[in-house]
Amino acid sequence: MTDTMKPRSRSSMRAARKADRIREKTANDLPRSMRPNFAVKTLTAVILVFALLYFLFPIYWAILASTKTPSQMTSSNGLWFAVPLDELPDAIADNYGILLGWTRGNFWRWVGNSLIYSCVSGAIGTVVAVMAGYATAKFRFRGKATTIGIIMAAMLMPAALLTIPQYAIFNSLHLDNTMLAVIIPGCVSPFGFFLGRVYAQSSVPDELLEAARIDGASETRIFFTIVLRLLAPAMVTIFLFMFVAAWNNFLLPLMMLSSDNLYPVTLGLYGMVSLATFNDRGALMMGSLLGVLPVILLFLTLQRFWRAGLAAGSVKG
Amino acid sequence: MTTATTTPADVRTLHDANELESRGSESGAVPKAGKLGRRPRRSPAARREERTGWMFMLPFVLLFLLVFVFPIVYAIYSSFFQQVATGGAYGGGEVVNKFVGFENFKYVITSDKFWGGMGRVLIYTVIQVPLMIISALVLAMLIDSFIIKHVGGFRLGYFLPYAIPGVIASIIWVYLYNGQISPIVKGLAAIGIHVDFFASNVVLASMVNITTWTFTGYNMLIFLSALQAIPHDLYEAARIDGANGWQIAMKVKLPNVRGAALLAMLLSIVGTIQLFNEPQVMHTADPGINNYYTPMMMAFNSSRGFLTPKGAGPSNAIAIVMAIIAGLLAMAYAFIERKVNES
Numbered sequence: 340m341t342d343t344m345k346p347r348s349r350s351s352m353r354a355a356r357k358a359d360r361i362r363e364k365t366a367n368d369l370p371r372s373m374r375p376n377f378a379v380k381t382l383t384a385v386i387l388v389f390a391l392l393y394f395l396f397p398i399y400w401a402i403l404a405s406t407k408t409p410s411q412m413t414s415s416n417g418l419w420f421a422v423p424l425d426e427l428p429d430a431i432a433d434n435y436g437i438l439l440g441w442t443r444g445n446f447w448r449w450v451g452n453s454l455i456y457s458c459v460s461g462a463i464g465t466v467v468a469v470m471a472g473y474a475t476a477k478f479r480f481r482g483k484a485t486t487i488g489i490i491m492a493a494m495l496m497p498a499a500l501l502t503i504p505q506y507a508i509f510n511s512l513h514l515d516n517t518m519l520a521v522i523i524p525g526c527v528s529p530f531g532f533f534l535g536r537v538y539a540q541s542s543v544p545d546e547l548l549e550a551a552r553i554d555g556a557s558e559t560r561i562f563f564t565i566v567l568r569l570l571a572p573a574m575v576t577i578f579l580f581m582f583v584a585a586w587n588n589f590l591l592p593l594m595m596l597s598s599d600n601l602y603p604v605t606l607g608l609y610g611m612v613s614l615a616t617f618n619d620r621g622a623l624m625m626g627s628l629l630g631v632l633p634v635i636l637l638f639l640t641l642q643r644f645w646r647a648g649l650a651a652g653s654v655k656g
Numbered sequence: 101m102t103t104a105t106t107t108p109a110d111v112r113t114l115h116d117a118n119e120l121e122s123r124g125s126e127s128g129a130v131p132k133a134g135k136l137g138r139r140p141r142r143s144p145a146a147r148r149e150e151r152t153g154w155m156f157m158l159p160f161v162l163l164f165l166l167v168f169v170f171p172i173v174y175a176i177y178s179s180f181f182q183q184v185a186t187g188g189a190y191g192g193g194e195v196v197n198k199f200v201g202f203e204n205f206k207y208v209i210t211s212d213k214f215w216g217g218m219g220r221v222l223i224y225t226v227i228q229v230p231l232m233i234i235s236a237l238v239l240a241m242l243i244d245s246f247i248i249k250h251v252g253g254f255r256l257g258y259f260l261p262y263a264i265p266g267v268i269a270s271i272i273w274v275y276l277y278n279g280q281i282s283p284i285v286k287g288l289a290a291i292g293i294h295v296d297f298f299a300s301n302v303v304l305a306s307m308v309n310i311t312t313w314t315f316t317g318y319n320m321l322i323f324l325s326a327l328q329a330i331p332h333d334l335y336e337a338a339r340i341d342g343a344n345g346w347q348i349a350m351k352v353k354l355p356n357v358r359g360a361a362l363l364a365m366l367l368s369i370v371g372t373i374q375l376f377n378e379p380q381v382m383h384t385a386d387p388g389i390n391n392y393y394t395p396m397m398m399a400f401n402s403s404r405g406f407l408t409p410k411g412a413g414p415s416n417a418i419a420i421v422m423a424i425i426a427g428l429l430a431m432a433y434a435f436i437e438r439k440v441n442e443s
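Those sequence lines, one after another, are chains R and X.
The first sequence begins at 340 in this note's numbering and counts up one residue at a time.
The second sequence begins at 101 in this note's numbering and counts up one residue at a time.
This is the structure we're talking about:
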């Protein structure tokens with residue numbers, strides 16, 4: 340097991356950053372003859388900058404477009420705002436009004452629904468995955484190897500295919516077109532289980548569990564007071580991945596929901612584009628940006644956690 | 101749709117390792133039962149451990165049964181039925197489930213729509229997956245080489261599209277493909293290149309671009325983590341031996357991220373088979389994309405009644421055939437990769 344598999348505590352993240360710096364420094368301290376020459380440097384910079392433009396341009400364009408009226412969309416410069424900067428607040432307010440009009444005032448409700456779906460399924464899914472990961476990492480029980488094998492195989496199951504029979508199951512339970520129909524399938528993540536198991540193996544010491552048992556603590560208590568605390572950074576990582584997966588899910592709500600007051604923001608915006616009469620693209624771009632803002636904020640604030648999660652993902656092969 | 105068909109070598113070895121691990125430790129604590137069928141004697145402590153283990157497993161297992169196992173069982177069961185209206189003398193629209201044997205599967209396997217969609221998805225996979233994995237690998241290696249300093253901004257910028265849901269990414273790109281409003285199409289036209297991103301022979305590439313845009317940064321970060329896990333003394337040793345940056349990248353770094361790259365490839369293949377969001381959104385902008393453009397769209401629209409035969413039976417049969425094909429592809433991939441490894 341390599342050290343990247345351990346969930347990174349604050350100090351180990353600091354160590355990783357320090358390692359980054361050291362490597363950067365040694366790369367610069369190379370003898371002159373071995374330093375990358377000017378051509379290599381330029382080529383690398385050109386490729387990296389070009390790639391950055393590719394990845395950021397659509398987002399930049401969406402920001403511009405969110406301030407434009409339909410006629411400005413076709414006629415104005417596509418690389419800059421259509422109105423002078425001091426008129427931007429008005430242009431934004433206009434498109435915001437149009438967005439709320441098209442969505443019949445449902446827009447923030449959709450964002451709220453997305454938050455409910457992502458938070459609830461992320462929270463339940465994380466606790467459940469960590470419990471199961473802890474069980475398989477620290478206990479011996481019959482059928483363990485088979486259970487792990489089945490769950491790991493499910494990681495390779497094309498998840499979209501499950502949505503069709505899931506609809507039938509939820510329909511027969513009279514749960515289709517309810518919030519639960521979107522939340523429950525979002526609670527199960529084989530990848531979350533895998534991360535929980537890896538983290539429990541590496542950061543819950545057996546001695547600590549033994550000591551707590553000798554002190555007479557019950558297993559439930561040990562889990563909720565000791566283990567969960569040790570796994571807190573890991574849980575943030577799992578939560579983040581499940582949150583994003585739920586936020587981005589489209590087929591599941593499309594299948595399960597028919598009343599538009601239950602829609603998550605992805606489905607609501609899709610409903611707008613698929614209307615034949617719809618042409619207010621600027622307002623839709625504004626909706627798209629507002630609809631991804633919570634995810635982007637979460638990513639920016641919790642950077643170190645998803646990097647830790649990806650590190651675990653990179654060594655599982 | 102059995103899980104067994106989609107078990108690739110990687111997971112299987114992991115599974116075996118676990119089995120060994122648990123067997124190994126079990127035989128230490130509890131004597132194993134002989135071949136005479138004697139039940140293993142378990143100490144109270146071992147029984148307690150067993151109970152506690154399952155207690156912690158239970159919530160996940162119950163949810164897993166509801167979300168994965170029952171739907172799979174149901175899909176298999178219902179794929180042998182079709183819903184037919186009784187109608188007739190009563191004139192009613194009562195719908196009954198009628199057992200039709202392998203009728204639904206026969207329909208899928210002989211359907212031009214299904215194989216047309218499958219063909220498009222396969223072409224899409226063959227182009228998209230290597231393009232994305234290689235781009236991600238190149239970007240990760242360039243960032244990790246520290247030829248350019250201060251790479252944090254690049255790392256974040258490349259990853260940002262991952263935070264944008266597929267549907268929204270598709271909407272944005274559909275607008276960027278639109279000749280009337282897109283600065284890209286207009287800019288290309290200004291320099292004499294006229295492209296129609298919706299032309300029937302280009303539209304698949306347009307979708308490839310959307311997926312690549314969304315997921316390259318994510319894969320790049322996975323590779324970057326793998327690169328950063330390489331012990332630093334390997335580089336030192338290579339340097340002392342006189343290797344230059346390029347040789348280090350090819351001989352030290354590349355072999356060390358192979359595992360991560362192959363797994364990312366496998367997961368991407370499974371992911372692209374279920375292509376749905378991009379064509380479903382493009383369907384709204386381009387009448388050339390029909391509602392059976394990909395097998396997943398065909399399954400969805402059959403289930404929704406937009407395609408006949410409709411209902412649970414035919415749509416589940418489509419899903420099962422797709423799962424089997426995905427499983428076969430994953431196995432073929434794992435097999436080829438093992439063969440290449442050996443030679």
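Glycine included, each C-beta is placed from N, C-alpha and C at the ideal position.
For residue 286 (chain X), no beta strand (DSSP E) run applies; the uninterrupted alpha helix (DSSP H) run containing it begins and ends at 283-290, by DSSP. Think of a sphere of 9 Å around the beta carbon of residue 555 (chain R): no beta carbon from chain X falls inside it, the nearest being about 14 Å out. Taken atom to atom, the span from the alpha-carbon of residue 427 (chain R) to that of residue 439 (chain R) is near 18 Å. By DSSP's assignment, residue 540 (chain R) forms no beta bridge with any residue. Chain X has no Cβ within less than 8 Å of the Cβ of residue 592 (chain R). Across the set X:285, X:263 and X:317, the C-alpha of X:285 shows the shortest separation from the C-alpha of residue 306 (chain X).
Residue 624 (chain R) sits buried, since 16 or more C-beta atoms from the chains shown fall within 10 Å of its C-beta. In this structure residue 525 (chain R) is buried. Its beta-carbon is surrounded by 16 or more other beta-carbon atoms within 10 angstroms. Per DSSP, reduced to three states, the secondary structure at residue 301 (chain X) is coil, with no helix or strand assignment.
Neighbourhood of residue 458 (chain R) in chain X, by CB distance below 7 Å: empty, with the nearest CB roughly 16 Å away.
At least one CB of chain X lies nearer than 8 Å to the CB of residue 412 (chain R). Annotation: the continuous alpha helix (DSSP H) that includes residue 459 (chain R) extends over 446-477. Listed in chain order, the positions of the stretch 540-552 of chain R with a beta carbon within less than 8 Å of a beta carbon of chain X would be empty, since no residue qualifies. Close CB contacts of residue 420 (chain R) within its chain, under the 7 Å cut and outside five residues either way in sequence, are with 403, 406 and 427 (chain order).
Taking the Cα of residue 156 (chain X) as reference, the smallest distance to any Cα among R:559, R:425 and R:534 is reached at R:559. Here residue 447 (chain R) is not near residue 276 (chain X), since their CB atoms are 8 Å or more apart.
When the Cα atoms are used, residue 641 (chain R) and residue 196 (chain X) turn out to be separated by approximately 52 Å. Within the stretch 229-247 of chain X, contact with chain R at the beta-carbon level (separation under 9 Å) is assigned to 235, 238, 239, 242, 243, 244, 245, 246 and 247. Around the CB of residue 148 (chain X), fewer than 16 other CB atoms lie within 10 Å, so the residue is classed as exposed. One finds 495 and 497 in chain R with Cβ atoms closer than 7 Å to the Cβ of residue 370 (chain X), taken in chain order. Residue contact check for residue 442 (chain R) against chain X: no CB pair falls below 8 Å. For the stretch 154-165 of chain X, residues whose beta-carbon sits nearer than 8 Å to a beta-carbon of chain R comprise 154, 155, 156, 157, 159, 160, 161, 163 and 164. Taken in chain order, the members of the stretch 457-476 of chain R whose beta-carbon sits within less than 7 Å of a beta-carbon on chain X are 467, 468, 470, 471, 473 and 474. Assignment of residue 421 (chain R) by DSSP, reduced to helix, strand and coil, places it in the coil class.
With a 10 Å radius around the Cβ and a threshold of 16 neighbouring Cβ atoms, residue 500 (chain R) comes out buried. Straight-line measurement puts the Cα of residue 494 (chain R) at about 10 Å from the Cα of residue 532 (chain R). A straight-line Cα-Cα distance of about 8 Å links residue 464 (chain R) and residue 160 (chain X).
Residue state for residue 374 (chain X) is assigned as coil, using DSSP reduced to three classes. The C-alpha of residue 485 (chain R) is placed about 29 Å away from the C-alpha of residue 564 (chain R). Selection X:199, X:375 and X:310 evaluated against residue 297 (chain X) yields X:310 as nearest (Cα-Cα). Residue environment for residue 342 (chain X): exposed (fewer than 16 other C-beta atoms within 10 angstroms of its C-beta). Around residue 398 (chain X), the same chain offers 213, 214, 217, 392, 407 and 418 as residues with beta carbons nearer than 7 Å, after the five sequence neighbours per side are excluded. The Cβ neighbour count for residue 442 (chain X), taken over all protein chains shown within 10 Å, is under 16; the residue is labelled exposed. In the DSSP assignment, residue 198 (chain X) falls within the beta strand (DSSP E) that extends over 195-199. Among the CB atoms of chain X, one or more fall inside 8 Å of the CB of residue 609 (chain R). In the displayed model, residue 181 (chain X) falls within a strand according to three-state DSSP.
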